[in-house]
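In full-length UniProt numbering, the protein residues as written are 1 to 294.
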């Protein structure tokens with residue numbers, strides 16, 4: 001007697017899949033029409049990300065070697081760039097690059113530009129691209145505010161954690177967010193091991209031996225980034241469990257925590273070099289990545 005119910009559910013599921021595929025086809029058609037623009041924005045965005053991570057790594061390396069400086073996350077890097085001669089115009093370019101990167105991530109999510117597919121793994125990757133688009137939109141806003149001189153620091157990780165813990169079910173949400181960030185960091189380390197980034201690069205244009213060094217550089221850089229994000233997630237879980245927002249850390253705070261550990265300067269130095277390597281990788285990605293808008 002439940003056959004009509006099963007049939008109706010099957011029809012609803014089929015209708016949902018059809019609607020999803022149609023939306024994807026429309027996104028692909030739109031991205032193909034804007035293809036050259038999207039490719040240019042994507043490459044500009046990768047380069048902007050590379051600059052920010054290279055500066056972040058350089059600052060952390062200065063702390064590790066005792067030559068000065070301070071650890072900083074993206075917002076700290078924005079403030080440093082803005083304080084330099086011609087820093088605000090440069091930061092405006094970084095903000096524009098992050099806008100381009102966010103748009104490219106949206107294309108990857110909606111139009112399946114990288115051919116991830118519609119199975120569970122592919123949809124999970126595309127959902128990650130969509131979340132990345134939101135994150136880089138926020139970073140673009142922060143960089144833009146700093147470029148305009150209106151302040152780009154915004155709320156710190158501790159401020160956001162304090163706000164979240166004060167909300168209903170906030171502790172559970174903070175734990176979930178921390179575990180998600182920790183999972184992302186772990187996945188980055190896994191990607192470094194598998195050299196997942198290499199399948200998108202035109203390594204033949206780089207050259208055999210040079211291409212192998214790019215892969216090694218990328219593994220080191222992606223792994224270092226994964227470690228830092230893993231620390232951020234771990235600190236957020238700790239802050240939630242202890243109900244103490246002071247335990248939360250952003251990227252800069254996570255880097256600073258390393259130097260307080262045994263062999264801290266060495267640990268921070270290795271991670272700092274890794275972040276600089278990731279920055280260089282992103283500059284190479286801007287040049288050699290295969291980009292097909294749709």
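The beta carbon of each residue, even a glycine, is placed where N, CA and C say it ideally should be.
Query                                                                                                              : Result
Where residue 309 falls: helix, strand or coil (DSSP)                                                              : Here the chain has residues from 1 to 294 only, and residue 309 is not among them.
Assigned secondary structure, residue 86 (DSSP; H/G/I helix, E/B strand, else coil)                                : coil
Three-pair Cβ contact test at 8 Å for the segment 280-289 versus the segment 39-51                                 : yes
Beta-carbon spacing of residue 143, residue 78 below 8 Å                                                           : yes
Three-pair Cβ contact test at 8 Å for the segment 237-254 versus the segment 157-168                               : yes
First and last residue of the uninterrupted alpha helix (DSSP H) at residue 186                                    : 170-194
Proximity of residue 45 and residue 98 at Cβ, strictly below 8 Å                                                   : yes
Residue 249, DSSP secondary structure in three states                                                              : coil
Neighbourhood of residue 269 by C-beta, 7 Å cutoff - its chain only, sequence neighbours within 5 removed          : 61, 64 and 65
Simplified DSSP assignment, three categories, for residue 287                                                      : helix
Residue span of the alpha helix (DSSP H) that contains residue 112, given as start and end                         : Run containing residue 112: none; DSSP gives neither H nor E here.
Residue 74 classed as buried or exposed, judged by whether at least 16 other C-beta atoms fall within 10 angstroms : buried
Contact under 8 Å by Cβ, residue 276 with residue 72                                                               : no
Endpoints, the alpha helix (DSSP H) within which residue 159 is located                                            : 157-165
Whole-angstrom distance between residue 193 and residue 95, CA atom to CA atom                                     : 31 Å
Buried versus exposed, by CB contacts within 10 Å (16 or more), residue 157                                        : buried
Burial state of residue 161, where buried means 16 or more other Cβ atoms lie within 10 Å                          : buried
Collapsed DSSP secondary structure at residue 148 in the structure displayed                                       : coil
Cβ shell of residue 287 (< 7 Å), same chain only, five flanking positions each side left out                       : none
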